[in-house]
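The listed protein sequences correspond, in order, to chains Z and E. Note that this note's numbering gives residue 922 to position 54 of the first sequence, counting from 1, and the numbers run on in steps of one. Note that this note's numbering gives residue 915 to position 47 of the second sequence, counting from 1, and the numbers run on in steps of one. So the structure is just underneath, and the comments pick up after that.
There are 2 protein chains.
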Amino acid sequence: MAPTSETLTAERILEATEEVLRRHGPAKATVVDVARALGVSHGSVYRHFRTKAALREAVTKRWLDRTSEALAGIAAGDGEPEARLRDWLSALFDAKRRKAGGDPELFATYSVLTGENGTVVAEHIADLTAQLTKIVRAGVDTGAFTVADPRTAARAVFHATDRFHDPCHAREWERPGAQEEFAALVDLVVRGLRS
Amino acid sequence: MAPTSETLTAERILEATEEVLRRHGPAKATVVDVARALGVSHGSVYRHFRTKAALREAVTKRWLDRTSEALAGIAAGDGEPEARLRDWLSALFDAKRRKAGGDPELFATYSVLTGENGTVVAEHIADLTAQLTKIVRAGVDTGAFTVADPRTAARAVFHATDRFHDPCHAREWERPGAQEEFAALVDLVVRGLRS
DNA sequence: CAGCTGACAGATTTCAATATCTGTCAGCTG
DNA sequence: CAGCTGACAGATATTGAAATCTGTCAGCTG
Chain Z
869 MAPTSETLTA ERILEATEEV LRRHGPAKAT VVDVARALGV SHGSVYRHFR TKAALREAVT
929 KRWLDRTSEA LAGIAAGDGE PEARLRDWLS ALFDAKRRKA GGDPELFATY SVLTGENGTV
989 VAEHIADLTA QLTKIVRAGV DTGAFTVADP RTAARAVFHA TDRFHDPCHA REWERPGAQE
1049 EFAALVDLVV RGLRS
Chain E
869 MAPTSETLTA ERILEATEEV LRRHGPAKAT VVDVARALGV SHGSVYRHFR TKAALREAVT
929 KRWLDRTSEA LAGIAAGDGE PEARLRDWLS ALFDAKRRKA GGDPELFATY SVLTGENGTV
989 VAEHIADLTA QLTKIVRAGV DTGAFTVADP RTAARAVFHA TDRFHDPCHA REWERPGAQE
1049 EFAALVDLVV RGLRS
């Protein structure tokens, strides 16, 4: 029954929870299931996470943080700001589309989780727009971009591309022409930032 | 029982259906309810609409057409294209926000209906982007805008502003700062179109 | 005889009884 | 004694039987 008899740690519980969510979906994944997967009683899980909601929130955060980290590398790069911006937006869209298309059920599961955890999502979005702000500011510094306020402009760029990263539009990402529509949108946005 | 004893017409059925949807919501509105509201048997309703889905679709179309018509006036105007574009986008956002904020339940009802009727919604969107294309083309003609292809650019503008007209973002329209975020986005988009 | 009715079959929804889950905690165990 | 267990109360979800709804159509009605 005990898959591994190592110490019960928050990390192991999170891994087990992801697995249970993957198998059962967001509606049927229970704390009892997670405990069973770990070969412990559900009381033990509550020692590490006060509530089921807190556990789900932690899983959501982990998942979002993985995306943030992948993109942070691009934002921190040292190429031309305009190219960096295009790369960053493409990477975000590609990552989302790959997740949504590759395992639709898992993506739906995480869409439910993000819907439940507005605070964590807000932090994630704040993180992403901070990355964008860094790129926009770099563009202003090199003279490639001209904007009144980099922070505001970065948020506008993020909002302009909502359709290509917000889960509520996932259905449209696989449609023929989506890539072209994305390219046209990025062109429009980049032109809007240029000096 | 009979509210009016005029002939039973598709139009009267649609009005009654809107009323039933307003009262009962999308989940509980039945064809029997609509018939009862009209003082006829539900068989009579099926004489005018083949299925419940067709009835709901017709209601959805009516609702969307009202928005289209209001905007068509702006798109067909004769002011500066840039100002017309700003007016049009503001009118769309204002209309949506007013509907969502003014009667959230009714808006939720129509969100369900639009979710059910992808084809009608696609036509509505095609209509709106055609209006936008007209404005963009006018801008190209006056030399205010420079774009490779007005149709593509118009779609990009529509997609860029998705966050401020797509029902799945309705929750965010009433948040403080939404108006400023909208203004920043429109500025970005307009700059992207300019010559 | 055009248009409406109401009974009907099959599909869907409701509702209440039953089962399961969440979160707590006193006590066990190593 | 730190960490885990398992029984428990209240909350939530499942289930299946009963009620309602959808869509059809033979026949009524004006």
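Note that the Cβ used here is the ideal one computed from N, Cα and C, for glycine as well. All figures in this text were calculated on a predicted structure; none of them were measured in a lab.
Cβ-Cβ separation, residue 993 (chain Z) to residue 953 (chain Z) (assumed contact under 8 Å), whole Å: Within the first sequence, the letter at position 85 stands for residue 953 (chain Z). Within the first sequence, the letter at position 125 stands for residue 993 (chain Z). Not a contact, Cβ separation roughly 17 Å.
With a threshold of 8 Å between beta carbons, is residue 962 (chain Z) in contact with chain E? Here residue 962 (chain Z) refers to the residue found at position 94 when the first sequence is read from its first residue. Judged by the 8 Å Cβ criterion, residue 962 (chain Z) is not in contact with chain E.
Going by CA-CA distance only, name the one from E:971, E:1010 and E:936 that's closest to residue 990 (chain E). Position 122 of the second sequence, counted from the start, is the residue given in the question as residue 990 (chain E). Answer by Cα proximity: E:936.
Does chain E have any CB closer than 8 Å to the CB of residue 1060 (chain Z)? Counted from its first residue, the first sequence places residue 1060 (chain Z) at position 192. For residue 1060 (chain Z), the answer is yes, since a Cβ of chain E falls inside 8 Å of its Cβ.
Counting only beta-carbon separations shorter than 8 Å, does residue 991 (chain E) have a partner in chain Z? Locating residue 991 (chain E) in the second sequence gives position 123, counting from the first residue. No, residue 991 (chain E) does not count as interfacial toward chain Z.
What does DSSP give as the partner residues of residue 924 (chain E) in its beta bridges? As a working note, residue 924 (chain E) is residue 56 in the second sequence. According to DSSP, which records beta bridges pairwise, residue 924 (chain E) is partnered with nothing at all.
Is there a C-beta anywhere in chain E that falls below 8 Å from the one on residue 1027 (chain Z)? The sequence position of residue 1027 (chain Z) within the first sequence is 159, counting from 1. Judged by the 8 Å Cβ criterion, residue 1027 (chain Z) is in contact with chain E.
What number of angstroms, rounded off, separates the C-alpha of residue 967 (chain E) from the C-alpha of residue 1034 (chain E)? Sequence index remark: in the second sequence, residue 967 (chain E) carries index 99 (1-based). Sequence index remark: in the second sequence, residue 1034 (chain E) carries index 166 (1-based). A direct Cα-Cα distance of roughly 12 Å separates residue 967 (chain E) from residue 1034 (chain E).
Cβ neighbour criterion (16 or more within 10 Å) applied to residue 1009 (chain E): The residue given as residue 1009 (chain E) occupies position 141 in the second sequence. The residue is exposed, with fewer than 16 neighbouring Cβ atoms inside 10 Å.
C-alpha distance - residue 1019 (chain Z) paired with residue 998 (chain Z), whole-angstrom precision: By 1-based counting over the first sequence, the position of residue 1019 (chain Z) is 151. By 1-based counting over the first sequence, the position of residue 998 (chain Z) is 130. Looking at the two C-alpha atoms, the distance is approximately 8 Å.
Cut-off 7 Å between Cβ atoms - residues of its own chain near residue 888 (chain E), not counting five sequence neighbours on either side: Along the second sequence, read from residue 1 onward, the residue named residue 888 (chain E) stands at position 20. 897, 901, 902 and 905.
Under three-state DSSP, which class holds residue 1013 (chain Z)? Translated into positions along the first sequence, residue 1013 (chain Z) becomes position 145. In this structure, residue 1013 (chain Z) counts as strand in the three-state DSSP scheme.
Pop quiz: residue 1061 (chain E) and residue 1015 (chain E) are said to be a contact at Cβ under 8 Å. What is the actual Cβ separation, rounded to whole angstroms? Counting from one through the second sequence, the residue named residue 1061 (chain E) turns up at place 193. Counting from one through the second sequence, the residue named residue 1015 (chain E) turns up at place 147. Between residue 1015 (chain E) and residue 1061 (chain E) the Cβ distance is about 6 Å, and since that is below 8 Å, they are a contact.
Can you confirm whether the stretch 975 to 982 of chain E touches the stretch 1035 to 1043 of chain E when touching is taken to mean that 3 or more C-beta pairs between the two stretches lie within less than 8 Å? yes
Endpoints, the alpha helix (DSSP H) within which residue 975 (chain E) is located: Counted from its first residue, the second sequence places residue 975 (chain E) at position 107. Run containing residue 975 (chain E): 972 to 984, per the alpha helix (DSSP H) assignment.
Less than 7 Å between C-beta atoms, sequence neighbours within five positions excluded: which residues of the same chain meet that for residue 1030 (chain Z)? To locate residue 1030 (chain Z), count along the first sequence from 1; it is residue 162. Counting only Cβ-Cβ distances below 7 Å, and skipping sequence neighbours, we find nothing.
7 Å Cβ cut-off: residues of chain E touching residue 1020 (chain Z): Mapped onto the first sequence, residue 1020 (chain Z) falls at position 152. The contacting residues are 1052.
Cutoff 8 Å: residue 883 (chain Z) Cβ touching any chain E Cβ: Position 15 of the first sequence, counted from the first residue, corresponds to residue 883 (chain Z). Chain E contact via Cβ: absent.
Do you know how far the Cα of residue 877 (chain E) is from the Cα of residue 895 (chain E)? Within the second sequence, the letter at position 27 stands for residue 895 (chain E). Within the second sequence, the letter at position 9 stands for residue 877 (chain E). Rounded to the nearest angstrom, the two C-alpha atoms are 24 Å apart.
Determine, for residue 968 (chain Z), whether the minimum Cβ-Cβ distance to residues of chain E falls below 8 Å. Mapped onto the first sequence, residue 968 (chain Z) falls at position 100. No, residue 968 (chain Z) lies away from the interface with chain E (no Cβ there is under 8 Å from its Cβ).
Just to confirm, is the Cβ distance from residue 974 (chain Z) to residue 918 (chain Z) under 8 Å? Along the first sequence, one-based indexing puts residue 974 (chain Z) at 106. Along the first sequence, one-based indexing puts residue 918 (chain Z) at 50. Taking 8 Å as the Cβ cut-off, residue 974 (chain Z) and residue 918 (chain Z) do not qualify as a contacting pair.
Would a C-beta distance cut-off of 8 Å place residue 1012 (chain Z) and residue 958 (chain Z) closer than the cut-off? Translated into positions along the first sequence, residue 1012 (chain Z) becomes position 144. Translated into positions along the first sequence, residue 958 (chain Z) becomes position 90. No, they are not a contact pair.
So what's residue 966 (chain Z) in DSSP terms, helix, strand or just coil? Start at 1 with the first residue of the first sequence, and residue 966 (chain Z) comes out as number 98. Three-state result, residue 966 (chain Z): helix.
Cα separation between residue 941 (chain E) and residue 930 (chain Z)? One-based indexing of the second sequence puts residue 941 (chain E) at position 73. One-based indexing of the first sequence puts residue 930 (chain Z) at position 62. Rounded to the nearest angstrom, the two C-alpha atoms are 49 Å apart.
Leaving aside the five residues before and after residue 1042 (chain Z) along the sequence, list all residues of the same chain whose C-beta is less than 6 Å from its C-beta, in chain order. The count along the first sequence starts at 1 and reaches residue 1042 (chain Z) at position 174. So the list reads 969, once near-sequence residues are dropped.
Which of the three DSSP states, helix, strand or coil, is assigned to residue 918 (chain E)? Numbered from 1 along the second sequence, position 50 holds the residue referred to as residue 918 (chain E). Reduced to three states, the DSSP call for residue 918 (chain E) is coil.
If I follow the unbroken alpha helix (DSSP H) through residue 1023 (chain E), where does it start and stop? Position 155 of the second sequence, counted from the start, is the residue given in the question as residue 1023 (chain E). Residues 1018 to 1028.
Which residues in chain E have a C-beta closer than 7 Å to the C-beta of residue 995 (chain Z)? List them in chain order. Working through the first sequence from its first residue, we reach residue 995 (chain Z) at position 127. Correct list: empty, because the minimum Cβ distance to chain E is about 18 Å.
May I have the straight-line CA-CA distance separating residue 1051 (chain E) from residue 1000 (chain Z), to the nearest angstrom? Within the second sequence, numbered from 1, the residue matching residue 1051 (chain E) stands at position 183. Within the first sequence, numbered from 1, the residue matching residue 1000 (chain Z) stands at position 132. Looking at the two C-alpha atoms, the distance is approximately 19 Å.
Any beta carbon of chain E sitting closer than 8 Å to that of residue 981 (chain Z)? Residue mapping note: residue 981 (chain Z) aligns to position 113 of the first sequence, counting from 1. It does not: the Cβ of residue 981 (chain Z) has no partner Cβ on chain E nearer than 8 Å.
Short CB-CB distance (under 8 Å) between residue 959 (chain Z) and chain E: The residue you call residue 959 (chain Z) lines up with position 91 of the first sequence. For residue 959 (chain Z), the answer is no, since every Cβ of chain E falls outside 8 Å of its Cβ.
What span of residues does the alpha helix (DSSP H) with residue 885 (chain Z) cover, start to end? Locating residue 885 (chain Z) in the first sequence gives position 17, where the first residue counts as 1. 878 to 896 is the extent of the alpha helix (DSSP H) around residue 885 (chain Z).
At the 8 Å Cβ level, is residue 1057 (chain Z) part of the contact set with chain E, yes or no? The residue given as residue 1057 (chain Z) occupies position 189 in the first sequence. It does; some Cβ of chain E falls within 8 Å.
On the criterion of 16 or more Cβ atoms from any shown chain inside 10 Å, does residue 949 (chain E) qualify as buried, or is it exposed? Residue 949 (chain E) sits at position 81 when you count from the first residue of the second sequence. Around the beta carbon of residue 949 (chain E), 16 or more other beta carbons lie within 10 angstroms, which makes this residue buried.
Burial state of residue 915 (chain Z), where buried means 16 or more other Cβ atoms lie within 10 Å: As a working mapping, residue 915 (chain Z) is identified with position 47 in the first sequence. Flag for residue 915 (chain Z) reads exposed.
Chain-ordered chain E contacts of residue 1031 (chain Z) [CB-CB under 7 Å]: Working through the first sequence from its first residue, we reach residue 1031 (chain Z) at position 163. Ordered by position in chain E, the residues that pass the 7 Å Cβ test against residue 1031 (chain Z) are 1027 and 1030.
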